[in-house]
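**Q** One structure is given below, represented as structure tokens, and several questions about it will come after.
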Amino acid sequence: MLTGTYLSTHQVGQDGKANVHLSSLLTLPELLQDIGYETALFTPNPFVSEATGLDRGFNHTKSVKAVPESYSPRHEDVLDYWIEGLRRIFQSRAIDLARTKHELKTTENEVLQRHAKRWLKSTRTENSPFFAYAHIPGPHHPYLPNADYVDCFTDDIAFSTEEAYSLVKEIYYGGSDEIKREIATGLDLSHNEWDAIEAMYDATLKHMDQTVEEIVSTARSESDDLILVVVGDHGELFGEHGVIGHNLVLHEKLIRVPMVVSGIPDVVTDEDTMTQQIDLTRTLAEITGVVRDQFEGQDIRDSERKYGVSQYGQADFKAYLEYNQGFDIGRFFEKPYTMVTDGEYKLATNVERTELYRLPDETTDVSELKENHLQRLSGVLKDHDIEWDRNDEYENSEFTESQIEQLKDLGYLS
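In structure tokens, the structure reads:
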């Protein structure tokens, strides 16, 4: 979204590794900074950081990550972490060391929120326009809500709050390795168990919603000429296609995410309107006068998107096969692939194979029966020159061991 380009263009992460994005692809904040904007980045994610070059153009950056060092007296944000951490501990009803450690580990929402609000308030004393990007710590496995939200959605499930929490902890707390083991060995869970897992996930969503509300409210109080965009990163799978989390596939439940836009006139949308994150980049660039040829999206004010495009990088099946040599990898695309949909039909294609689905079915290949739709959707990719072309000029990003483990859990690294 920061470069306004498809994965096959910026290629950061297409091979299961994190590369530094090419300097020839300017980011939106770089362009805005050049015309006098104050720019700020708030992120808990090392993928959006100096390591990948996605911090370019931000004259204020704040990396937020609750690690043991964050609670050290020498850490610059120690007070913020301990204020929230102690509040969490006192709020929690359970005396459990692992749960306490998790409460302390997941204070990023509140700490990021505080930093974003402070910066927004500081812009009031300046006359410069501003652009802020906040990568909110979202609802991500292990889906363990903190004490404020843990019982928000447990009234209508068969499990108690503690039982639901324990179930999620058992399945997801081991991180990406445990998730791969669960997928490889089969997801033998009952309907009630899935309900319990989704209740915990919804609780983490509610926590994120509250964080967004706090930041948006502050932004509105500091400016009466504001464009606000709130957009999801990705969805989650709960057993669909034999997958949990958000890896391996471009299932509709992963790629259809909510987006809310405020402050851009003449945009009439509803929940069925198709648009993409890169469309926002072009639209904001058009509004501010910094549009470049590199932007591959559409201006959401001028046209209604007829096709949606998503891409997935190189898959790595090694860990799945170590857990289960009989794991059916034939269900998935191994090499980077592209998906294009018109809302009724969905094409998935790469250099090795092409499949066509009639939604909502995403398992039955109907390409031989629907040749006209296959050619039509293939033509969309050709017309827009969307293809994978590895560029060897990329530099490898450098991360700490803890950042590498975090990025594996987040699905950025294989």
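Numbering (full-length UniProt numbering), first residue to last: 1 to 414.
Idealized CB from N, CA, C, for every residue including glycine.
With a threshold of 6 angstroms on Cβ separation, who are the neighbours of Leu254 within its own chain once the five nearest residues in sequence on each side are excluded?
**A** Taken in chain order, the residues that qualify are His234, Gly235, His246.
**Q** Put Gly175 into one of helix, strand or coil per three-state DSSP.
**A** Gly175: helix per DSSP, three-state reduction.
**Q** List the DSSP bridge partners of Gly308.
**A** DSSP output for Gly308 lists Thr341 as bridge partner(s).
**Q** Mind pulling the alpha helix (DSSP H) runs of 4 or more residues that sit fully within the stretch 37-74?
**A** DSSP runs (the alpha helix (DSSP H)) wholly in the stretch 37-74: none.
**Q** Tell me whether Leu86 is buried or exposed, calling it buried when 16 or more other Cβ atoms sit within 10 Å of its Cβ.
**A** Classification of Leu86: exposed, given that the 10 Å Cβ count is below 16.
**Q** CB-CB under 6 angstroms to Pro129, same chain, minus the five flanking residues each way: which ones, in chain order?
**A** Excluding positions up to five away in sequence, the list reads Tyr37.
**Q** Would you kindly work out how many angstroms separate the C-alpha atoms of Thr39 and Thr61, rounded to a whole number?
**A** Going from the Cα of Thr39 to the Cα of Thr61 covers about 9 angstroms.
**Q** Assuming Glu296 contacts Thr5 (C-beta within less than 8 angstroms), just tell me the rounded distance between them.
**A** Confirmed, Cβ separation roughly 5 angstroms.
**Q** Kindly list the residues whose CB is nearer than 6 angstroms to the CB of Leu189, restricted to its own chain and excluding five residues on each side of it in sequence; keep chain order.
**A** If we look at Leu189 and ignore the five residues flanking it on each side, it has no Cβ neighbours.
**Q** Under the assumption that Glu163 contacts Ala134 (Cβ atoms under 8 angstroms), give the Cβ distance between them as a whole number of angstroms.
**A** With 8 angstroms as the limit, Glu163 and Ala134 do not qualify as a contact, their Cβ atoms being about 34 angstroms apart.
**Q** Contact defined as beta carbons within less than 8 angstroms: I believe Phe317 pairs with Glu334. What is the distance between those atoms, to the nearest angstrom?
**A** Yes, they are in contact, since the Cβ atoms of Phe317 and Glu334 sit about 7 angstroms apart, within 8 angstroms.
**Q** Secondary structure at Leu228, three-state DSSP: helix, strand or coil?
**A** Looking at Leu228 - three-state DSSP - the assignment turns out to be strand.
**Q** Looking at the structure shown, is Asp81 part of a helix, part of a strand, or coil, going by DSSP?
**A** Checking the sequence shown, residue 81 turns out to be Tyr, not Asp. Reduced to three states, the DSSP call for Tyr81 is helix.
**Q** Around the Cβ of Glu193, are there at least 16 other Cβ atoms within 10 angstroms (buried) or fewer (exposed)?
**A** Label assigned to Glu193: buried.
**Q** With which residues is Val12 paired in a DSSP beta bridge?
**A** For Val12, which the question treats as bridged, DSSP gives no partner whatsoever.
**Q** When you compare the stretch 163-175 with the stretch 208-219, are there three or more beta-carbon pairs, one atom per stretch, that lie closer than 8 angstroms?
**A** Short answer: they don't touch.
**Q** Hey, out of Tyr337, Gly53, Ile329, Leu374, whose CA is closest to Glu344's CA?
**A** That would be Leu374, whose Cα lies nearest to the Cα of Glu344.
**Q** For Arg331, does the count of other Cβ atoms within 10 angstroms reach 16, so buried, or fall short, so exposed?
**A** Exposed is the call here.
**Q** Just to confirm the assignment, what range does the beta strand (DSSP E) spanning Thr288 have?
**A** Run containing Thr288: none in the beta strand (DSSP E); it sits in the alpha helix (DSSP H), 277-288.
**Q** Measuring alpha carbon to alpha carbon, tell me which of His75, Ile35, His241, Gly186 ends up nearest Glu252.
**A** When each option's Cα is compared against that of Glu252, the closest is His241.
**Q** Exposed or buried, which one is Pro139 when buried takes at least 16 other CB atoms within 10 Å?
**A** By the neighbour-count rule (16 or more Cβ atoms within 10 Å), Pro139 is buried.
**Q** DSSP on residue 418, reduced to helix/strand/coil?
**A** Given that the chain is displayed from residue 1 to residue 414, the structure contains no residue 418 and the question cannot be resolved.
**Q** Between Asp365 and the rest of its own chain, which residues show a CB-CB distance below 6 angstroms, the 5 nearest in sequence each way excluded?
**A** Excluding positions up to five away in sequence, the list reads Glu355.
**Q** Output the distance between the C-alpha atoms of Thr349 and Ser8, rounded to the nearest integer angstrom.
**A** Taking the straight line joining both Cα atoms gives about 13 angstroms.
**Q** Around the Cβ of Ala203, are there at least 16 other Cβ atoms within 10 angstroms (buried) or fewer (exposed)?
**A** With 16 or more other Cβ atoms within 10 Å, it is buried.
**Q** Assign Thr185 to buried or exposed, taking buried as 16 or more other Cβ atoms, counted over all protein chains shown, within 10 Å of its Cβ.
**A** Thr185 comes out exposed.
**Q** May I have a chain-ordered list of the alpha helix (DSSP H) segments no shorter than 4 residues that lie completely inside the stretch 172-260?
**A** DSSP runs (the alpha helix (DSSP H)) wholly in the stretch 172-260: 175-185, 191-222, 252-255.
**Q** To the nearest angstrom, report how far apart Asn372 and His384 are at their CA atoms.
**A** If I take the Cα positions, the gap works out to 19 angstroms.
**Q** Whose C-beta lies closer than 8 angstroms to the C-beta of Gly289 among residues of the same chain, with five residues either side of it excluded?
**A** Only Ile35 meet the Cβ criterion.
**Q** For the alpha helix (DSSP H) containing Leu25, list its first residue and its last residue.
**A** Per DSSP, Leu25 belongs to no alpha helix (DSSP H) and is neither H nor E.
**Q** Go to Tyr323, then tell me how far its alpha helix (DSSP H) extends in each direction, as first and last residue.
**A** That run of the alpha helix (DSSP H) goes 318-323.
**Q** So Lys180 packs on Tyr337, CB below 8 angstroms; how close in whole Å?
**A** Not quite, the Cβ-Cβ distance comes to about 20 angstroms (not below 8 angstroms), so this is no contact.
**Q** Quick one: Cα of Val67 to Cα of Val261, how far?
**A** Whole-angstrom Cα-Cα distance: 33 angstroms.
**Q** Can you check DSSP and say which residues form a bridge with Phe130?
**A** Bridge partners of Phe130: Glu38.
**Q** Which term fits Ala158, buried or exposed, when burial requires 16 or more other beta carbons within 10 angstroms of its beta carbon?
**A** Ala158 is exposed by the Cβ-count criterion.
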